[in-house]
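Residue numbers (the working numbering): 13 to 165.
For glycine and all other residues, C-beta sits at the position ideal for the given N, C-alpha and C.
One structure is given here, and the rest of the page talks about it.
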Ligand SMILES: Cc1cc2nc3c(=O)[nH]c(=O)nc-3n(C[C@H](O)[C@H](O)[C@H](O)COP(=O)(O)O)c2cc1C
């Protein structure tokens, strides 16, 4: 296991992504993985660029397929600065709602596309939670993390 902490970056509007992140962090603490949860809200891009350990991004979707309002500034700064992130390994848990069929989970997908374009490496397969499917996002998130991501951390 990487001795560095898992940095969990959360982009949320109404707290669902944060709940999912907190449950993943709880699972991690039970499994000897140290975490640091930070909400993407007026944070500087160096929170991401300076990190040494793996990163988990939990982002919901708002507007017309946008990242949550509070994360817009961070997303745009990262895009403008375009730092080389080839030292970053990241996993993605996106949240959306299939009612918004044409922009389903685009918030998380935007983060993923941006990080990929900056040479970051994906850990496992991204997961996109659909708020209309009746499942509990935090349960799905922990299952996904335990079965697909943990082994790569
Ligand atoms: C005004 C509004 C706009 C939304 N737009 C989208 C969208 O374009 N695509 C999508 O997949 N989900 C969309 N959603 C659904 C949310 O992303 C989803 O409910 C998510 O679980 C909310 O997570 P949060 O509480 O962490 O913000 C929207 C929800 C609201 C209320």
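{"Check": "With C-beta atoms as the reference, is residue 71 less than 9 Å away from residue 133?", "Outcome": "no"}
{"Check": "Indicate, with yes or no, if ligand 1 has a heavy atom lying under 8 Å from the CB of residue 139.", "Outcome": "no"}
{"Check": "Ignore the nearest five residues each way along the sequence and tell me which others in residue 115's own chain have a CB closer than 7 Å to its CB.", "Outcome": "73, 76, 77"}
{"Check": "Following a CB-centred definition, is residue 76 positioned closer than 8 Å to any heavy atom of ligand 1?", "Outcome": "yes"}
{"Check": "Out of 87, 34, 37, point me to the one whose CA is closest to residue 55's CA.", "Outcome": "87"}
{"Check": "Starting from residue 59, trace the alpha helix (DSSP H) both ways and give me its first and last residue.", "Outcome": "58-61"}
{"Check": "Could you round the C-beta distance between residue 111 and residue 144 to whole angstroms and report it? I think they count as a contact, below 8 Å.", "Outcome": "5 Å"}
{"Check": "Counting Cβ pairs, one atom from each stretch, are 3 or more of them under 8 Å apart for the stretch 90-108 and the stretch 40-53?", "Outcome": "no"}
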